[in-house]
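Residue numbers (UniProt numbering): 1 to 130.
We put the beta carbon where it would ideally sit given N, CA and C, even for glycine.
One structure is given below, encoded as structure tokens.
Printed below as a string of structure tokens:
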């Protein structure tokens with residue numbers, strides 16, 4: 001569940017730590033861990049709500065409202081539409097990630113590309129420190 005105002009994941013007391021005065025009921029949001037590979041390695045990325053919605057064009061709320069078998073814990077079959085496609089990811093890497101050796105990278109931008117266009121892409125790193 002996420003904040004209805006900023007989409008941050010809601011804590012156990014159903015209040016957003018980012019919006020302490022926000023008493024709006026939480027909404028379902030995506031937090032999807034994906035395994036990504038290229039010619040050199042396999043790693044884990046974490047995709048949050050806006051990126052998943054951008055790829056599959058369906059909100060988590062829509063799935064919960066329209067699929068009688070849907071629950072917060074289930075993996076919606078529509079996520080399979082992401083499989084086998086080629087994406088360019090822009091990642092967030094902070095000192096916390098490296099010091100704590102956090103598994104998985106947080107995606108801050110994603111773009112689907114044709115596989116042939118990807119062959120000419122050059123890797124770029126953007127390191128942010130929070």
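Subject >> the region 88 to 105 in contact with the region 69 to 77 per 3-pair CB rule at 8 Å >> reply: no
Original post:
Which of the three DSSP states, helix, strand or coil, is assigned to residue 98?
Top reply: helix
Original post:
Near residue 76, which residues of its chain fall below 6 Å by C-beta distance, leaving aside the five closest residues on each side in sequence?
Top reply: 63
Original post:
Got a sec, what are the start and stop residues for the alpha helix (DSSP H) residue 91 sits in?
Top reply: Unbroken run through residue 91 is the beta strand (DSSP E), 86 to 92; no alpha helix (DSSP H).
**OP:** Report the rounded CA-to-CA distance for residue 103 versus residue 83, giving the unit in angstroms.
**Re:** 21 Å
**OP:** Could you say which of 3, 45 and 26 lies nearest to residue 110 if we only look at CA atoms?
**Re:** 45
Subject >> Cβ pair residue 107, residue 88 closer than 8 Å >> reply: no
Subject >> Helix, strand or coil at residue 9 [DSSP, three-state] >> reply: strand
Subject >> Backbone CA spacing between residue 39 and residue 105 [nearest angstrom] >> reply: 18 Å
**OP:** Mind listing, in chain order, the continuous beta strand (DSSP E) runs of no fewer than 3 residues lying wholly within the region 16 to 59?
**Re:** 31 to 37 and 42 to 48
Original post:
Out of curiosity, what's the CA-to-CA distance linking residue 3 and residue 60?
Top reply: 13 Å
Subject >> Cβ-based burial, residue 41 [other Cβ within 10 Å; buried from 16] >> reply: exposed
Original post:
From residue 78 to residue 31, what distance separates their C-alpha atoms?
Top reply: 14 Å
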